[in-house]
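Everything on this sheet refers to the single structure shown next.
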Ligand SMILES: Nc1ncnc2c1ncn2[C@@H]1O[C@H](COP(=O)(O)OP(=O)(O)O)[C@@H](O)[C@H]1O
Ligand SMILES: [Mg+2]
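Rendered as structure tokens:
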């Protein structure tokens, strides 16, 4: 059976952050997620997209590519990619409280994504961009709720 998927390309304007989050959440509804799962998905997408707006393209507007796919076993896969500045040291960037954003940023975006999704993969190349791939298994209806 063909899997269901979509790809979206949006400019890194802060007004598009809520659009991205709601779009992914709407796509995920075919998996019949709980409200908590929807909320986790929205928050994680928000964090990743905000990172593109703030860090990847700090002084300009660039493209953000969001693709989602439903994998076997009721798993939602979300990929958020930018062609921005990239991350010098990904392991360091993923550490809680690490930020290059100064006072305004908490440095918890990756920690939040990790706590809400099953897996978070980050690949990045300086000057080329960053890809964040997240997966979350959505509980089945037959599971106890
Ligand atoms: N898409 C991205 N492009 C470039 N740098 C990024 C990107 N996402 C994250 N980073 C880097 O990783 C750091 C940690 O990100 P995060 O945990 O979300 O905390 P915060 O956004 O509060 O700084 C950021 O400060 C930034 O240096
Ligand atoms: Mg962040």
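Residue numbers (the numbering used here): 8 to 152. Don't be surprised by glycine CBs; every beta carbon is placed ideally from N, CA and C.
Going by CA-CA distance only, name the one from the options that's closest to residue i.
| i | options | result |
| --- | --- | --- |
| residue 89 | 61, 124 and 110 | 61 |
| residue 70 | 78, 77, 79 and 59 | 59 |
| residue 154 | 13, 74, 31 and 67 | Lying before the first or after the last residue shown, residue 154 is absent from the chain, which here runs from 8 to 152. |
| residue 40 | 122, 116 and 81 | 81 |
| residue 98 | 111, 109 and 117 | 117 |
| residue 138 | 37, 52 and 42 | 52 |
| residue 72 | 85, 15, 147 and 141 | 15 |
| residue 76 | 22, 37 and 26 | 37 |
| residue 67 | 122, 20 and 123 | 20 |
| residue 129 | 111, 110 and 85 | 85 |
| residue 125 | 115, 48 and 17 | 48 |
| residue 65 | 10, 115 and 109 | 109 |
Is it true that the CB of residue j sits closer than 8 Å to the CB of residue i?
| i | j | result |
| --- | --- | --- |
| residue 83 | residue 12 | no |
| residue 113 | residue 107 | no |
| residue 50 | residue 24 | no |
| residue 63 | residue 87 | no |
My guess is that residue i and residue j are in contact by the Cβ rule of under 8 Å, so how many angstroms apart are they, rounded?
| i | j | result |
| --- | --- | --- |
| residue 141 | residue 127 | 5 Å |
| residue 44 | residue 122 | Between residue 122 and residue 44 the Cβ distance is about 13 Å, and since that is not below 8 Å, they are no contact. |
For ligand 2, list every residue whose C-beta falls under 5 Å from any of its heavy atoms, going in chain order.
58 and 116
When you compare the stretch 86-106 with the stretch 127-138, are there three or more beta-carbon pairs, one atom per stretch, that lie closer than 8 Å?
yes
Could you tell me whether the stretch 24-38 touches the stretch 93-113, where touching means 3 or more Cβ pairs closer than 8 Å?
Touching, no.
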